[in-house]
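**Student:** Numbering (the UniProt record's numbering), first residue to last: 1 to 147.
Yeah, the Cβ is synthetic: ideal placement off N, Cα and C, and Gly gets one too.
Since the structure is predicted, the reported quantities are computational estimates derived from the model, not experimental observations.
1) So residue 52 and residue 97 are in contact, right, with Cβ under 8 Å, and what is the actual spacing, rounded?
2) Would you mind giving the Cβ-Cβ distance between residue 50 and residue 79, rounded to the nearest angstrom? I have them listed as a contact below 8 Å.
3) Straight-line CA distance for residue 8 to residue 94?
4) Take the Cβ of residue 16 as the centre, count every other Cβ of all protein chains shown within 10 Å, and call the residue buried at 16 or more, exposed below.
5) Distance, Cα to Cα, residue 119 vs residue 82?
6) Give the secondary structure of residue 92 by DSSP, where H, G and I count as helix, E and B as strand, and everything else as coil.
7) In its own chain, which residues sit with a C-beta less than 8 Å from the C-beta of residue 123, not counting the 5 before and 5 after it?
8) Helix, strand or coil for residue 133, going by three-state DSSP, please let me know.
9) Tell me the rounded alpha-carbon separation between residue 38 and residue 111.
10) If we call anything under 8 Å between Cβ atoms a contact, is residue 86 one with residue 36?
11) Given residue 133, which residues of its chain have a CB within under 8 Å of its CB, disregarding the five upstream and five downstream residues?
12) How far does the alpha helix (DSSP H) with residue 122 in it reach, from first residue to last?
13) Whole angstroms are fine: how far does the CA of residue 31 sit from the CA of residue 65?
Listed below in structure tokens is the structure:
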């Protein structure tokens, strides 16, 4: 993974993990053990889905950067669809508190997306990358120049 992509991933994962820990503490205090499990599962789910989406986006666009927008829309739509499937599967579970799970999932997904956009905006990614060898061949040499 290139350095800007790793920084974007790290810049989104750390605030999401912090928000997940805060959600776990609050849900444990309010709901108890089932709230802790719901917040933990939601945080891990968001971090797993969204980080794997970032890695998939990097792999999809490595050789063809012109496909970035289409690949990003495809990856994001797939992530949201998978999160919706998980929500439907665990709709009536008694393993954890589903309200805590849903709100933590929503909060962590919004935080991840916001910080991912922030990281992409702050990254200094060049739109046009020129080859060093190409630049040397195009420049005239200074050896025959009069002063």
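**Tutor:** Well, looking at it:
1) So it is not a contact: roughly 26 Å between Cβ atoms.
2) That pair is a contact at about 6 Å.
3) If you take the alpha carbons of residue 8 and residue 94, they lie about 36 Å apart.
4) Label assigned to residue 16: buried.
5) Spanning the alpha carbons of residue 119 and residue 82 requires a straight line of approximately 24 Å.
6) When secondary structure is reduced to three states using DSSP, residue 92 falls in the coil class, being assigned neither helix nor strand.
7) 4, 7, 8.
8) Unreliable placement is indicated for residue 133, whose pLDDT of 49 sits below 50; the coordinate value is still reported in the next sentence. The three-state reading of DSSP puts residue 133 in helix, counting H, G and I together.
9) If I take the Cα positions, the gap works out to 18 Å.
10) No. Outside cutoff.
11) Residue confidence is low: residue 133 scores 49 on pLDDT, short of 50, so the model does not pin down where it sits. Its coordinate-derived value is still stated next. Around residue 133: no qualifying Cβ.
12) Judged by DSSP secondary structure, residue 122 falls within the alpha helix (DSSP H) whose first and last residues are 98-122.
13) One C-alpha to the other measures close to 47 Å.
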